[in-house]
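To start, the structure under review is shown below, and the notes come after it.
Numbering (full-length UniProt numbering), first residue to last: 1 to 285.
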């Protein structure tokens, strides 16, 4: 996948090997030149080896060095055509209007970057797995548990059995009873949340299809995931980066939900109408 190569480099640089970080830094600082270099020249310019450059292509999920060059060129052209949206530092004296604008810019950028790092083939696999499963089990901690709760609400409205527990012990207890016809979804922005990784590991050991929603880059949660859905984030002060990452996670959940809903269109429309009618009776007239 050649789209969004520069975004991938920025998002994943901290998780790359030292030699890969050198290559990534060189490309990010010299994208136009990097797109024209041979493998030998790239290795020399980045003070690495040809083998390191080839391995780096595999890390990025590319077929080879030529695909990397094409990706750099495409990403560089795309970024040069659009105005760079910066999620600026929020200052203590910022007005509500400025705060709104800065947070909005961060959320928009997080969604755009997520579109660049999310593998559509993996998204398709996840939609198919959910569509054919008997039950969805959701694991999350902290802010990610709120995203899991949103997923539980959405899928329950279209009559797909789904469970979600805030308590870590209950997550592990439910994971122990999973079967191979279930789907387990672990949500962790860092990919290192022990509670979520532990629950997903138990689920995988049971033969359950495991899906993770996590930021782009190498992390422990990938080792226990059959399908990885990457998100991007915009880091900043006041944990506004965490706010943007939550928006990105919700965007992936919505994509999964709509993807499954499209496969069950007539059935889903009926379920949504039924739940809408039930809720209408709870409103004040």
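Even glycine gets a Cβ: it sits at the ideal position worked out from N, Cα and C.
- Residue 213 sits close to residue 229, with the two beta carbons spaced by under 8 Å.
- Going by DSSP, residue 228 is part of no alpha helix (DSSP H) but of the beta strand (DSSP E) stretching over 227 to 231.
- Three or more beta-carbon pairs drawn from the region 214 to 228 and the region 14 to 23 are found closer than 8 Å, and the two stretches are therefore classed as touching.
- According to DSSP, residue pairing for residue 164 in a beta bridge involves 138.
- With fewer than three CB-CB distances shorter than 8 Å, the region 97 to 111 does not count as touching the region 141 to 151.
- When Cβ pairs closer than 8 Å are counted between the two stretches, the region 118 to 134 is seen not to touch the region 92 to 105, the count staying below three.
- For secondary structure counted as the beta strand (DSSP E) over 3 or more consecutive residues, the region 51 to 113 holds no complete run.
- Boundaries of the beta strand (DSSP E) around residue 183: 183 to 187.
- Nearest neighbour of residue 195 by Cα position, chosen from 71, 206 and 172, turns out to be 172.
- In this structure, residue 184 lies away from residue 251, with their beta-carbon atoms at least 8 Å apart.
- Residue 49 sits in coil when the DSSP states are folded into three classes, being neither helix nor strand.
- CA-to-CA, the gap between residue 182 and residue 70 works out to about 39 Å.
- The alpha-carbon separation between residue 265 and residue 94 amounts to approximately 46 Å.
- Going by beta carbons, residue 46 and residue 22 fall inside the 8 Å limit.
- Excluding its 5 nearest sequence neighbours in each direction, residue 114 has C-beta neighbours in its own chain below 8 Å: 230, 231, 232, 248, 251 and 252, listed in chain order.
- Annotation: residue 222 is outside any alpha helix (DSSP H) and is labelled neither H nor E by DSSP.
- Secondary structure of residue 179 (DSSP, three-state): coil.
- In the structure shown, residue 275 falls within a helical segment according to DSSP collapsed to helix, strand and coil.
- Taking residue 175 as the centre and dropping the five residues before and after it, the same chain places the C-beta of 199, 202 and 203 closer than 6 Å to its C-beta, in chain order.
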